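When the letters of the sequence shown are read in order and numbered with my numbering, they come out as residues 829 to 926. Take a look at the structure set out below.
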Amino acid sequence: MIHLVVLCCAVILLVLILLCLYRVISGPSVLDRILGGNVIGTHATVILLLIGILYNNLAMFVDIALAYALLNFIATIGSTKYLLRSKRVFLDSRDDKN
């Protein structure tokens, strides 16, 4: 029974990842695309934990999920800081308001 619940949760998360992928592809600004990528990484981390529950080896998958979440966080912060310093983001957002 628990395997069915875990599989249903994983399928729902995959559908949510597809919706976020649409946001990454067609986001109105660069920051929206970065945020969509971060949400995809967060959902992937939860899916890794669900896989750990399915294989009855949660300890190993928690380590992998933590490493992946840390890489996702660092990549999001780094790309946001780079884009804010280059001021390309502000130019895109000002064009939308006019």
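Glycine included, each C-beta is placed from N, C-alpha and C at the ideal position. Quantities reported herein were computed from a predicted structural model and do not represent experimental measurements.
Other residues of its chain near residue i: CB distance less than 7 Å, five sequence neighbours each side excluded
| i | result |
| --- | --- |
| Leu878 | Val834, Cys837, Ala838 |
| Gly855 | Arg861, Gly864 |
| Leu844 | His871 |
| Leu876 | Phe889, Ile892, Ala893, Tyr896 |
| Ile881 | Val834 |
Opening and closing residue of the alpha helix (DSSP H) in which residue i lies
| i | result |
| --- | --- |
| Met829 | Careful: Met829 lies outside any alpha helix (DSSP H) and carries neither H nor E. |
| Asn900 | 886-914 |
Cα-Cα separation, residue i to residue j
| i | j | result |
| --- | --- | --- |
| Val852 | Gly906 | 17 Å |
| Tyr850 | Ile868 | 11 Å |
| Leu841 | Thr873 | 10 Å |
| Leu899 | Cys848 | 19 Å |
| Ala903 | Leu846 | 20 Å |
| Asn885 | Ile830 | 15 Å |
| Asn866 | Arg913 | 20 Å |
| Leu832 | Phe901 | 31 Å |
| Lys909 | Tyr883 | 38 Å |
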